[in-house]
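Note that full-length UniProt numbering has the sequence shown beginning at 1, numbered continuously upward.
Data block below; observations after.
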Amino acid sequence: MLAWLSGHLLELKVQGQLGQPPRLDCPETWFRHFDFQNSGRLTKSELLRGVVKAFDCSQLAAPGTPSRRARSAGVLKLRDLVEAVWDEERWASGVPLEDFLGSSGLAERLRAALPQPPQPQPGQASGPASRSADTKPPTVSVEEALRLARASDFKTVQEDEARAKVRAEKQRQPLTQSPSRDAEPRRPGGPPQGGAQVLLASLLEAAREEGRLG
Numbered sequence: 001m002l003a004w005l006s007g008h009l010l011e012l013k014v015q016g017q018l019g020q021p022p023r024l025d026c027p028e029t030w031f032r033h034f035d036f037q038n039s040g041r042l043t044k045s046e047l048l049r050g051v052v053k054a055f056d057c058s059q060l061a062a063p064g065t066p067s068r069r070a071r072s073a074g075v076l077k078l079r080d081l082v083e084a085v086w087d088e089e090r091w092a093s094g095v096p097l098e099d100f101l102g103s104s105g106l107a108e109r110l111r112a113a114l115p116q117p118p119q120p121q122p123g124q125a126s127g128p129a130s131r132s133a134d135t136k137p138p139t140v141s142v143e144e145a146l147r148l149a150r151a152s153d154f155k156t157v158q159e160d161e162a163r164a165k166v167r168a169e170k171q172r173q174p175l176t177q178s179p180s181r182d183a184e185p186r187r188p189g190g191p192p193q194g195g196a197q198v199l200l201a202s203l204l205e206a207a208r209e210e211g212r213l214g
């Protein structure tokens, strides 16, 4: 569970370093963008997550689906589409780049199965599903994004350790600074604690002895 969570957190940080994902119109750029491990392959789950990030899945929801549920319903539909075009026997360990590209590659089959995004109106800002096909390459490579993400994680760990050390030091200070009862200073010239009672008893006893003798 921890390994799964760590892998997904690293993927999220790498995604933030790489920036907005390209469209499937640029299949090689799209493939390399989501190949976070630089393995030359994409697993089925990596492919599905990549399409979800680069495509407006709400377009796949059935007509009449409430807007608050459109995206989650579209993701379920997208999963069925990926299952339909995925060759489990050939790509058990992931689809390689050469099978992803080409006129009959997986990217082309995915594009044919997905609805075409609406064309933006002049002056309208384009979203993830309506970006231009000539998407600029990412400003950093996957390797550089991984390095930056790991450096960020290491810095966070160091800061957490420093804060924990400061908290522990503050918790120890009251214990070392609080005076002990046994260590309370005696008043100058005064008898030790309980000495007054002892002295008074001695004087009374001496007075009684003196009265008996007289």
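Note that CB positions come from ideal geometry on N, CA and C, so glycine has one too.
(message) Less than 7 Å between CB atoms is the rule here; does Arg71 satisfy it with respect to chain B?
(response) The question asks about chain B, but that chain is absent: this structure has only one protein chain.
(request) Just mark Arg69 as buried or exposed, buried being the case when its beta carbon has 16 or more other beta carbons within 10 Å. (result) Start at 1 with the first residue of the sequence shown, and residue 69 comes out as number 69. The residue in question, Arg69, is exposed, as its Cβ has fewer than 16 Cβ neighbours within 10 Å.
(request) Find out if the Cβ-Cβ distance for the pair Leu42, Leu60 is shorter than 7 Å. (result) In the sequence shown, residue 42 corresponds to position 42, counting from 1. In the sequence shown, residue 60 corresponds to position 60, counting from 1. No, these two residues do not count as a Cβ contact at 7 Å.
(request) Mind checking which residues open and close the alpha helix (DSSP H) that includes Trp30? (result) Taking the first residue of the sequence shown as 1, we reach residue 30 at position 30. Per DSSP, Trp30 belongs to the alpha helix (DSSP H) from 27 to 34.
(request) Return the CA-CA distance between Leu203 and Arg167, expressed in angstroms with no decimal places. (result) Within the sequence shown, residue 203 is the residue found at index 203, counting from 1. Within the sequence shown, residue 167 is the residue found at index 167, counting from 1. A direct Cα-Cα distance of roughly 56 Å separates Leu203 from Arg167.
(message) Quick check on the burial criterion: 16 or more other C-beta atoms within 10 angstroms. Buried or exposed for Ala206?
(response) Within the sequence shown, numbered from 1, the residue matching residue 206 stands at position 206. Under this definition Ala206 is an exposed residue.
(message) When you compare the segment 33 to 40 with the segment 101 to 117, are there three or more beta-carbon pairs, one atom per stretch, that lie closer than 8 Å?
(response) Below 8 Å, too few C-beta pairs join the segment 33 to 40 and the segment 101 to 117 to call them touching: fewer than three.
(message) In the DSSP output, which residue or residues are listed as bridge partners for Arg41?
(response) Numbered from its first residue, the sequence shown carries residue 41 at position 41. Paired residue(s): Pro96.
(request) Give the DSSP-derived three-state secondary structure of Gly105 in the structure shown. (result) Numbered from 1 along the sequence shown, position 105 holds the residue referred to as residue 105. Gly105: coil per DSSP, three-state reduction.
(message) Assuming Ala54 and Arg32 are in contact, meaning their beta carbons sit under 8 Å apart, how far apart are those beta carbons, in whole angstroms?
(response) Your numbering for residue 54 matches position 54 in the sequence shown. Your numbering for residue 32 matches position 32 in the sequence shown. In fact, because the Cβ distance is near 13 Å, the residues do not count as touching under 8 Å.
(request) Following the continuous alpha helix (DSSP H) through residue 250, name the residue where it begins and the one where it ends. (result) Any property of residue 250 remains undetermined from this structure, which presents the chain solely from 1 to 214.
(request) Would you kindly work out how many angstroms separate the C-alpha atoms of Ala73 and Val52, rounded to a whole number? (result) Residue mapping note: residue 73 aligns to position 73 of the sequence shown, counting from 1. Residue mapping note: residue 52 aligns to position 52 of the sequence shown, counting from 1. If you take the alpha carbons of Ala73 and Val52, they lie about 12 Å apart.
(request) Tell me whether the beta-carbon of Ala112 lies closer than 7 Å to the beta-carbon of Leu81. (result) Translated into the one-based positions of the sequence shown, residue 112 becomes position 112. Translated into the one-based positions of the sequence shown, residue 81 becomes position 81. No, Cβ-Cβ distance for Ala112 and Leu81 is not below 7 Å.
(message) Rounded to the nearest angstrom, what separates Ala84 and Pro21 at their Cα positions?
(response) Numbered from 1 along the sequence shown, position 84 holds the residue referred to as residue 84. Numbered from 1 along the sequence shown, position 21 holds the residue referred to as residue 21. Counting only the Cα atoms, Pro21 lies some 24 Å from Ala84.
(request) Quick one: grab the DSSP three-state call for Ala201. (result) By 1-based counting over the sequence shown, the position of residue 201 is 201. Look at Ala201 here: in three-state DSSP terms it is helix.
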